[in-house]
Amino acid sequence: MHSAFQPTASSFFSLPKKMHWMALLSGLLGTVIAISVVHVVIIKHEREFLRGYSEAILNRGLQANKESRLSLKFAQQSQFEQCSPEDIEYLRESLWNYDFIHDIGRIKNGAIECTAGWGLLAEQKKLPHFSELTPDGYQFWKRLKDIPTEGITSNAIARRNSIAFVSHYVFKNLPHNPEFIAAVLTTKHSDYIYKTFGDLTKQQAIELLKKKEDPFFWLPVKGRQIQTQLCTQGSTVICTTATDSQLGIFGISNTYHAIIIVIGFLFGGILSLLLSFARLRKNSLGARLKQAIDKKLLHVQYQPKIQLQSGMIIGVEALARWNDEEYGYVSPDVFIALAEQNNQIKELTKLIVSKTLSDMRDYLVNNKAFFVSINLSIQDLTDSQFLLFIDDLVQQHGIRPEQLIFEITERSAADQDAMSNTTKQFVKKGYQVSLDDFGTGYSNLSWLSALEADEIKIDKMFTQAIGTDSINQNMLNGIFQLIENLKMHVVFEGIEEQREEDYILERSPNAIGQGWLYSRPVLAEEIGKLLISQPLKKTHA
Ligand code: C2E
Ligand code: MG
Ligand code: MG
41 MHSAFQPTAS SFFSLPKKMH WMALLSGLLG TVIAISVVHV VIIKHEREFL RGYSEAILNR
101 GLQANKESRL SLKFAQQSQF EQCSPEDIEY LRESLWNYDF IHDIGRIKNG AIECTAGWGL
161 LAEQKKLPHF SELTPDGYQF WKRLKDIPTE GITSNAIARR NSIAFVSHYV FKNLPHNPEF
221 IAAVLTTKHS DYIYKTFGDL TKQQAIELLK KKEDPFFWLP VKGRQIQTQL CTQGSTVICT
281 TATDSQLGIF GISNTYHAII IVIGFLFGGI LSLLLSFARL RKNSLGARLK QAIDKKLLHV
341 QYQPKIQLQS GMIIGVEALA RWNDEEYGYV SPDVFIALAE QNNQIKELTK LIVSKTLSDM
401 RDYLVNNKAF FVSINLSIQD LTDSQFLLFI DDLVQQHGIR PEQLIFEITE RSAADQDAMS
461 NTTKQFVKKG YQVSLDDFGT GYSNLSWLSA LEADEIKIDK MFTQAIGTDS INQNMLNGIF
521 QLIENLKMHV VFEGIEEQRE EDYILERSPN AIGQGWLYSR PVLAEEIGKL LISQPLKKTH
581 A
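For the sequence shown, the residue numbers in the working numbering are 41 to 581.
Put into C-alpha cells, the structure is as follows:
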C-alpha cells in the first residue's frame, strides 16, 4: 500500500553528486570565460589607449609642422637685409610666438649664415642634403647635427632662405606609456619615418610598418600584438602606427591572473548550482504533474460502493492515480491539492472524467441501476464549460445522466455558494450530486437541505471512531440522528472492520458502505470480476 508520496532513491540521492561534478566543470568553464572576458575588456582599453596615444603624437606633430611653416613664412616677410642686425632682431622677436621652434636662421648658398639664437655666425655652416622634400617645397632634416653650432642636434625645416629648428620638447610630456607600447610617426604612406617612440629600433620600426593588421589579434595567444594606424586629414598628412606587444591578459601581473581564476571559478560554480536548481525545479512535482496531465499519464482505479443490507455493488467511485517515473506513487491527497494550487485541476478532472466514462461505459449501459461517482474540485464547479463537456461525453457514450454522481467536498465556508449554485444546474440536467467527506467541512443542517444533494458521504474519521471513546464517536451519534430525517442516500466511507459495518447497519439499515472490508480501489477490469462474485458480504437479516 502506498499512502503518501515518497521521492525515489534514484532521484533524490544521486542528484547532489551530479551537481558537484557539474559545479566543478562549470567552475573550470567559468574560469575560461572569465579569462576571455577580462582579455577582451583589457584589449578594448588597450586599443583606446593606443588611439589616444597616437592622437597625442599626431597633434604635437601637426602643431610643430604648423609652427615651422608659420615661422618660415613670417621670416620671409622680413624687410631687412638678410642677416643684418635688424633682420636678426626681427627673427628673435618672432621666436616668442612659437612653442616648438627653438631657433630660426637664414641660408645663403646652402649654408647657414645667421640665426636668431646665435646671431651672425663666425663661420657659415654648410647644410647636408635634406632628408625629405615635401610636395609643397619644404626641405626637412632629421637629426641635424652640430648645426648651427657644435653639440646641437635638432630636426629642421627650410624654405627658400629661411630655416626653422624644431624644439626637442615637441614630443615631451606625452601620456605615460608602458614599455610594451611603441609608435612610429611617418608620412602618409609610411615611406618616411619622422620619429619613433618607445623601445623601438629603426629596423623594428620598418618591420612594424610593413606588417598588416592581424585580424585574430584578440586571441589569447602569446606573441600577438595590437596595431593601430591613425592619420591626420587636410593638407599635411602625417600618420602614427602604434603597437602593443603585451596583449590583454599577457600584460597583467600574476596576482591579477590569480584573482581572475578564483573569481571565474566561483562564478562558474555558482552559475552551475543555479542552473542545477533551475533544473531541479523543472523536475519538480508540479512540473512533472503538468507533463503527466498533458500526456494523459494519470489513470483511474474504482472502489465499489456496497448496499450494506444486501452486500451488492450498486456502483463505484473513480479515484485518480498517478505513478510517476521519477517520484514513484504519488497520493491523490498530494497531487490533487497541487493541481488545484497550480491551476491544473480543470485539465486533470476532464482527463479523469474521460477515462472513467470510457472505462465504465459497458457497465453503465448494460446495467441502468449501476452508478459511477466522480470527485470534483471547487474550481471545476466555477468552470462554465464543464457541464457542457460532461453532456457531450455522456451523449457520445450513450450513458444516462442519472447514473453519474458528482462528489464535491466543502473545504471552506466560501465554497458553499459555488456548490449550491452548481448543484442546482447539475441536478436540472439529471446528474446526481454527493456531499463528500461530510463532517469535516462547515456544513450545518439548514445548508445541507438547501444544497439539494442526492447523497452524503460520512467521512472515514467517523467510521473509524466506531468502538472508541473519542469525540468523533459522540459526534457519530449526532450524525445518525441527522441522517434519519434526511431524504438522501447515506454512504459511510472507510469501513475496514466487520464491527463497523454491524454498528452502522444497526442504526441506519439503508446505509451504503465503502471500504477495504469489501474491496480496495481496483483497476476497471477487476470490477467485472467483483460484480460476478457478489454479494461481497453476507446479507444481514
Ligand atoms: P475521497 O473522495 O474521500 O476518497 C476516499 C478515499 O478513501 C480514497 O483515498 C480511498 O482510497 C480511501 N479509502 C477507501 N476505503 C478506505 C478504507 O477502508 N480505509 C482507508 N483508510 N481509506 C479508504 P484516495 O484514493 O487516496 O483519495 C484521496 C482523496 O483524493 C479522495 O478522497 C478525493 O478527495 C481526492 N481524489 C481522488 N481522486 C480524485 C479526482 O479524480 N478528482 C478530485 N478532485 N479529487 C480526487
Ligand atoms: Mg470521494
Ligand atoms: Mg471522502
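Just so it is clear, CB atoms sit at the ideal spot from N, CA and C, and this is done for glycine as well.
Please read all numbers here as calculations on a predicted model, not as lab measurements.
Check: Any non-hydrogen atom of ligand 1 within 7 angstroms of Gly351 CB; Outcome: no
Check: Cβ-heavy atom distance, Asp499 to ligand 3, below 7 angstroms; Outcome: yes
Check: Environment of Leu563 [buried if 16+ CB atoms lie within 10 Å]; Outcome: exposed
Check: Classification of Glu357 by the beta-carbon crowding that lies within 10 angstroms, buried from 16 upward; Outcome: buried
Check: Residue range of the alpha helix (DSSP H) that includes Ile439; Outcome: Here Ile439 belongs to no alpha helix (DSSP H), and DSSP marks it neither H nor E.
Check: Every unbroken alpha helix (DSSP H) inside the region 150–199 [4 residues or more]; Outcome: none
Check: Meets three-Cβ-pair contact criterion under 8 angstroms: the region 458–466 and the region 513–522; Outcome: no
Check: Backbone secondary structure at Asp231 - three-state DSSP; Outcome: coil
Check: Nearest-angstrom Cα separation, counted from Phe205 out to Tyr138; Outcome: 11 angstroms
Check: Environment of Leu173 [buried if 16+ CB atoms lie within 10 Å]; Outcome: exposed
Check: Heavy atoms of ligand 2 versus C-beta positions, residues under 5 angstroms; Outcome: Asn415, Glu447 and Asp476
Check: Asp127 classed as buried or exposed, judged by whether at least 16 other C-beta atoms fall within 10 angstroms; Outcome: buried
Check: Environment of Glu565 [buried if 16+ CB atoms lie within 10 Å]; Outcome: exposed
Check: Pro561 versus Trp61: straight-line alpha-carbon distance, rounded; Outcome: 44 angstroms
Check: Counted within 10 angstroms of its Cβ, other Cβ atoms place Ser573 as buried (16 or more) or exposed; Outcome: exposed
Check: 8 angstroms contact criterion, which Val530 and Ile496 should meet: CB distance rounded; Outcome: 6 angstroms
Check: Separation of Gln265 from Ile141, as counted between CA atoms; Outcome: 36 angstroms
Check: Cα-Cα separation, Val302 to Leu315; Outcome: 20 angstroms
Check: Buried or exposed by the 16-neighbour rule on C-beta atoms within 10 Å, applied to Ile392; Outcome: buried
Check: Whole-angstrom distance between Lys322 and Gly355, CA atom to CA atom; Outcome: 40 angstroms
Check: Complete beta strand (DSSP E) runs within the region 238–304 (minimum length 3 residues, chain order); Outcome: 266–271 and 278–284
Check: Sub-8 angstroms separation of Tyr234 and Gly101 beta-carbons; Outcome: yes
Check: Simplified DSSP state of Pro215, which is helix, strand or coil; Outcome: coil
Check: Gly481 - DSSP class collapsed to helix/strand/coil; Outcome: coil
Check: Extent of the continuous alpha helix (DSSP H) run through Tyr403; Outcome: Ile385 to Asn406
Check: Per-residue burial, Thr625 [other beta carbons within 10 Å of its own, 16 or more giving buried]; Outcome: No information on residue 625 is available, as it lies outside the stretch 41 to 581 that the chain covers here.
Check: For Ser413, the first and last residue of its enclosing beta strand (DSSP E); Outcome: Phe411 to Leu416
Check: Under 8 angstroms between C-beta atoms of Ala223 and Ser94; Outcome: yes
Check: Cβ-heavy atom distance, Thr462 to ligand 1, below 7 angstroms; Outcome: no
Check: Residue range of the beta strand (DSSP E) that includes Lys148; Outcome: Ile141 to Lys148
Check: Distance cut-off 7 angstroms: Glu533 Cβ against heavy atoms of ligand 3; Outcome: yes
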